[in-house]
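Peer 1: Quick note: to get this note's numbering, add 1048 to the position in the first sequence (first position is 1).
We put the beta carbon where it would ideally sit given N, CA and C, even for glycine.
Model, not experiment: these values are computed from the prediction.
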Amino acid sequence: MFGVTKEGHSVCAHVHGFEPYFYASVPENFGEADCAAFRRRLNEEVSAARKNAPGVHVVDVSLERKQSLMHYSDVKDRLFAKITMGLPNMVSAARGILEKGFSVPGVRDGAFTTYPTFESNIVYALRFMVDCAVVGGNWIEFPVNSYTVRAKKASHCQIEVDIMYDKLISHPAEGEYSKLAPFRILSVDIECAGRKGHFPDAQLDPVIQIATLVTEQGSDKPIIRAVWTLDTCAPIVGADVLSFKDERELLRNWGNFLRGCDPDLLIGYNIVNFDFPYLLERAEKLGVADFPYWGRLIGTKVRMRDTVFSSKAYGTHESKEISCEGRVQFDMLRAIQRDYKLSSYSLNAVSAHFLGEQKEDVHYSAISELQNGTPETRRRLAVYCLKDAYLPQRLLDKLMYMYNYIEMARVTGVPLNYLLTRGQSIKVMSQLLRKARQRNMLIPHHVKQGGGNVQAEGGVAYEGATVLDAKAGYYEMPIATLDFASLYPSIMMAHNLCYSTLVPKDKVGKLNPDDYGTSPSGDTFVKASKVKGILPEILEELLGARKRAKADLKKATDPLQKAVLDGRQLALKVSANSVYGFTGAMVGQLPCLEISSSTTAYGRTMIDHTKKMVEEKYRTVNGYTGNAEVIYGDTDSVMIKFNTPDLAESMKLGEEAAVYVSETFLKPIKLEFEKVYWPYLLISKKRYAGLLWTNTENYDKMDTKGIETVRRDNCLLVRQVIETVLEKILKQRDVQGAVKYVQSTIADLLMNRLDFSQLVITKGFTKEADSYGVKMAHIELAQRMRQRDPATAPVVGDRIAYVIIKAAKNAKAYEKSEDPIFALDNNLPIDTKHYLDHYLTKPLLRIFEPILHNAQSVLLHGEHTRRIAQPTPTAKAGGIMQFAKIRLSCIGCRAPISDEKMSKSLCKNCLNDESQHLRKALASVNNLEGDFNRLWTQCQRCQGSLHQDVLCTSRDCPIFYRRKKVQKDLTEATAQLRRFDW
DNA sequence: ATAGTAGCCTAA
DNA sequence: TAAGTTAGGCTACTAT
């Protein structure tokens, strides 16, 4: 075990005596005497499976009485063999043999027998943690006299001890023990010098800089700010600069620093996929033999291998797994990808989003130039590199990542690094194992069904929630919303749904009807009065703990304590909600569709029941102002129009209805009055917007669900237009203003007055390119980019940004997609009409149609839809414009100039007003120069220096696109100006 | 032209 | 080996 004391000393503890083991179910007549024969036979089989590896693999077989977690049974204990193995990695071999079956002399007359196994798929570290009540990120005490200090150290840690596993004391995260340890956090960023036009390749291109920031958890100032540079570098205030002539020396020196610093956490942005692999590959290439020792164990090299993580919720991500004993690699990119849904995950975009701060984005091709310049240009690069090491630390602090992730580890019991490298299910499994252990229960190893698909092709395994039909429309009366609090957890608790309470179909008859309940999906579970389920118990504890955390949070004054508690309540909520998903995960550790389908089935009856009760009670015949109508509802909510224009009355009725309906449900199921929407625009199922009121004084905010404004796959233009239109309609109640705004925006779009940043669409690259069945705009673009530059082309898991450019008339959208930077550099014209017809029209009509009866004609026909002429490329030719011939046209009236002897600038008619046209051209250049200078300065400010060239080419920055556009316009205007004779 | 559906992303 | 769930709107592609 590795850790840190509260004084900040790193600790390595060699924990001894804990052996890997698992269980197998054995016949009741299996005797003590059979254990020896069983052990011998199993050992033979394991040896054979391990290519006749000699030795004792199966250390011990003993008998214990336990209960299976699966199914309710009146038999309270059954016979299990506890099988102890010599090495952790032997468990899976033994499991395979037992599940396939073998024969043991004396057991069932030596007949071939299969043995179901239990807890045989638990990794050794987690097994240890569960048994010793150790959770990720908690405090462990080594009592006096229980350990010995090592004289000859095997690690780089400051303190190194030996201890027996049963001597250590694990403290629950309460009181003093809820504090976070003063972890040492090392943030890193590297720069490499790629060859011209190529992305850096570790086989060829040197590492030229490594910026490193060391911070102690809880402190807001770094202890160390340093940059290792290849070649000289001018000094940087507040940072140590270590310059090296030789790249090998640079690497060696940084490696020594890493070991000496001995950090607990390694952070950075995309470190696991770029910086770390690059450093390791580079050192290998250069033969720096003493470099790859990053872990805390002396003499243990880091090992690197490719891994793929793939889940429906998190998507597919390829990455490198780097073993580094005793240090957690916490890649901020991974964390943010998991926790936030953003259009772009570049460090720049993420910093802008969370820190409100842009960073300059220096293209990899510009880096070599800086490196090959002077000490000053290398200093420039070093400052940039330091910033990239600093930002991940800032993000870690800003997003309270240490608090949130440590609390998640503590609540669910998994080690910290699981939270970024593993899925949701291991967290539920960890809790299940701990709870089962308390109850003397064993978790069966779920044997995956081989052969055909368990689940219908493209279909689903079981029925989910009800979404009530949406009575679409614009509601000017208040709409009250009732929600079930933690619906699925509360259903599982109320009906005692669990593996251990599920009654097999053929056993139901034996039970007293008072002791069980049958769910609407036809599955039977015993009631809590008979035996309480483990899942309900876990959920109760999670939700109870969350209530306490929230109460403590209210009382807390210390900001650090608040952060811990807020992290905890969040972790508890997320954990409670993922229990249901775990039972329904067909490709998970222990799926139980009886539980998940019963949960959703109860939910379906409940929302129907709620709708019925509300609509039956709240009627004029019962003395209410109006007849209530449920206009919509999804899973756990109902939206009610009480048919009163009065906000206060709606709220009162909402509260009353919540209590009235809640009474008809079992505890702890509770329907709550949450909020009122007023006004409310219901577009369809899962799509609505409204002003949200929780008091009668002021609305809280505009709430938008499912509409384009909250979808990442729309361009900024669409999101902004829809957002503004909704605000004008709902907040300002100014439909005419909304119409005017739409008309002027459409005009701007068609007149090409919008910059690229508003037109960039992003979509996820979700699976390998060749497994796409249909051609898609973003995937086709990714392929084209791969041809241009394989090193920087998007890969699976990335989000791909593109714009739609003009192409031949009937070109498919996937032929018109283009990388915004490429389009900008090559002057490719945007297909503005495509944006209007395909992205803007329908969303606008969906919003306006319930409000404006002639929406179509008002919004989409008329003066503002006239476009400026733009050249359309004739050949497809990858969308690149083919200029046939440039003809001069009059600057004043655009008429072709036939008589070139007259003037290069104006036609005969306009020549009369030459001075006026010249003044106009001059003014235009002046204006554009002013605009350009302002944008340039803004970019300089962002890069932190007003004396240096702007190098930034950030796909995520609107200023960048605007600067580029103005630059282009300026070039054009200057060219026109030159045509005048003056 | 039209119907069916793959793929994306969201609601809950 | 490990990977939370289903419902549903919408766009664009593709076969008919």
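1. For L1313, is the classification buried or exposed, using 16 other Cβ atoms within 10 angstroms of its Cβ as the cut-off for buried?
2. Fully enclosed by the segment 1639 to 1704, which alpha helix (DSSP H) runs are 4 residues long or longer?
3. Using DSSP with H/G/I as helix, E/B as strand and the rest coil, what is Q1930?
4. Can the beta-carbon of S1218 be found less than 8 Å from the beta-carbon of N1169?
5. According to the neighbour-count rule (16 or more other Cβ atoms, all chains shown, within 10 Å of its Cβ), is D1879 buried or exposed?
6. Which class does E1756 belong to by DSSP, given the choice of helix, strand or coil?
7. Determine the burial state of I1346: buried for a count of at least 16 other Cβ atoms within 10 Å of its Cβ, exposed for fewer.
8. Output the boundary residues of the alpha helix (DSSP H) element that contains K1723.
9. With 16 as the cutoff for other CB atoms within 10 Å, does Y1650 come out buried or exposed?
10. So, using beta-carbon positions, are D1815 and V1844 closer together than 8 Å?
11. Which of helix, strand or coil does DSSP assign to E1076?
12. Is it true that the segment 1400 to 1415 meets the segment 1261 to 1276, where meeting means three or more beta-carbon pairs spaced less than 8 Å apart?
13. Please name the residue, chosen from T1162, G1065, L1117, that lies closest to F1086 on a Cα-to-Cα basis.
14. Would you grab the beta carbon distance between S1371 and V1356 for me? Rounded to a whole angstrom, and I think it's under 8 Å.
15. What residues are listed by DSSP as bridge partners for M1750?
16. Please name the residue in L1306, V1255, A1856 whose C-alpha comes closest to that of K1293.
17. Would you mind sorting R1847 into buried or exposed? The rule is 16 or more other CB atoms within 10 Å of its CB.
18. Any idea what DSSP makes of C1205, helix, strand or coil?
19. From the DSSP output, in three-state form, read off S2041 for me.
20. Three-state secondary structure (DSSP) at L1954?
21. Going by alpha carbons, who is nearest to I1586 out of K1610, K1621, V1556?
22. Distance, Cα to Cα, S1201 vs R1344?
23. Output yes or no for whether 8 Å exceeds the beta carbon distance between D1751 and T1742.
24. Is DSSP giving Y1069 helix, strand or coil here?
25. Would you call the CB atoms of L1798 and T1913 closer than 8 Å?
26. Take R1143 and list the residues in its own chain whose beta-carbon comes closer than 6 Å to its own, dropping the five residues that flank it on each side.
27. Bridge partners of Q1377, per DSSP?
28. Beta carbon of L1778, beta carbon of P1838: below 8 Å?
29. Which residue comes first and which comes last in the alpha helix (DSSP H) that contains F1980?
30. Give me the Cα-Cα distance between R1470 and V1973, rounded to the nearest whole angstrom.
31. How about Y1453 and L1443: are their beta carbons less than 8 Å apart?
32. Helix, strand or coil, according to DSSP, for P2006 in the structure here?
33. So for G1521, helix, strand or coil by DSSP?
34. Using the three-state DSSP reduction, which class does S1018 fall into: helix, strand or coil?
35. Any chance the segment 1787 to 1795 sits against the segment 1895 to 1909, with 3 or more Cβ pairs inside 8 Å?
36. With distances taken between CB atoms, is the gap from A1229 to Q1206 smaller than 8 Å?
Peer 2: In this structure, then:
1. buried
2. Those alpha helix (DSSP H) runs which fall completely within the segment 1639 to 1704 and span 4+ residues are 1641 to 1665.
3. Low local confidence applies: a pLDDT of 39 at Q1930 is under 50, so the model's placement there is unreliable, with the coordinate-based value given in what follows. DSSP places Q1930 in coil when its eight states are reduced to three.
4. Contact flag unset, no.
5. buried
6. Three-state DSSP puts E1756 in a helix.
7. exposed
8. Not the alpha helix (DSSP H): K1723 falls in the beta strand (DSSP E), residues 1719 to 1732.
9. buried
10. For clarity, residue 1815 is Lys in the given sequence; the question names Asp instead. Yes, Cβ-Cβ distance for K1815 and V1844 is below 8 Å.
11. coil
12. no
13. For the residues T1162, G1065, L1117, the minimum Cα distance to F1086 belongs to T1162.
14. Contact flag wrong, Cβ pair sits at about 17 Å.
15. L1739
16. For K1293, the closest of L1306, V1255, A1856 by C-alpha to C-alpha distance is V1255.
17. With 16 or more Cβ atoms within 10 Å of its Cβ, R1847 is classed as buried.
18. coil
19. This structure does not reach residue 2041, given that the chain is present from 1049 up to 2030, and the question cannot be answered.
20. coil
21. K1621
22. Sequence check: residue 1201 is Lys here, not Ser. So the alpha carbons of these two residues sit roughly 11 Å apart.
23. no
24. Here Y1069 carries a strand assignment [DSSP, helix/strand/coil].
25. yes
26. T1165, S1168
27. L1314
28. no
29. 1962 to 1991
30. 57 Å
31. no
32. Helix.
33. strand
34. As displayed, the chain neither begins before 1049 nor continues past 2030, which places residue 1018 out of reach and without an answer.
35. yes
36. no
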